[in-house]
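Heads up: take any position in the sequence shown, counting from 1, add 108, and you land on this note's numbering.
Think of the CB as a built atom: it goes at the ideal place given N, C-alpha and C, for glycine as much as any other residue.
Working notes, structure below.
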Amino acid sequence: MALKATLFKVRLNVSDLDRNAYGDFPLSVARHPSETDGRMMLRVAVFALHADQRLEFGRGISTDDEPDLWRKDLTGAIELWIELGTPDPDRLRKACGRAQEVILYAYGDRALSVWWEKHQEALARFRNLRVYAVSDAECAQLAELAAPGLDLQATVTDGELWLAADGASHSLKPRVLGLA
């Protein structure tokens, strides 16, 4: 019997001082059985960094034709495509062809440097792709916040995200790997 996703309810309050954007976002976040708490919370953190009423989670890790997060305009055209991890460059090429803007939040300290060195040149040709790195330590800190029924306060200032819940707080400052 296949394992089912675990559903996390998150009440996210965002104060983005960089974009002058504020709002409350009731989120239902499905954690795939093969997904870690750190990766799931990274999806929530990235949502906070790009918070918008039209930003949505994709259908999940096992879905090839959808990103981790995306924002579409009112016609259904993809404005923003957000990936996490170290995907195949062909996946990013297809995303760059489908969306106005593509952002990758890469993580996995050991594998990331090898992946970046191997694919940096090929990815540089995509003018609508930005690549950021998130450290394993930051993902581990995010995992500490994971809990069902989570009330999460997110503050963004100078490109840094501060997340606070239940007396604990952690920061996330994605490092720019490349701007195409």
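Under DSSP, S123 takes part in a beta bridge, and its partners are Y130, T263. In the structure shown, A185 adopts coil according to DSSP, grouped into three states. For the pair Y240 and A203, the CB atoms are not nearer than the 8 angstroms cut-off. Contact fails between the stretch 267-284 and the stretch 128-145, because fewer than three Cβ pairs, one in each stretch, are under 8 angstroms apart.
In the DSSP secondary-structure assignment, E164 is bridged to W178. Counting C-beta pairs with one atom in each stretch, the stretch 259-274 and the stretch 163-183 have fewer than three that are closer than 8 angstroms, which means they do not touch. Shown here for L285: same chain residues with a beta carbon closer than 7 angstroms to its own, the five before and five after excluded, namely A214, W224, V239, Y240, A241 in chain order.
When only Cα atoms are considered, D196 and G216 end up about 15 angstroms apart.
The DSSP-derived three-state label of A241 is strand.
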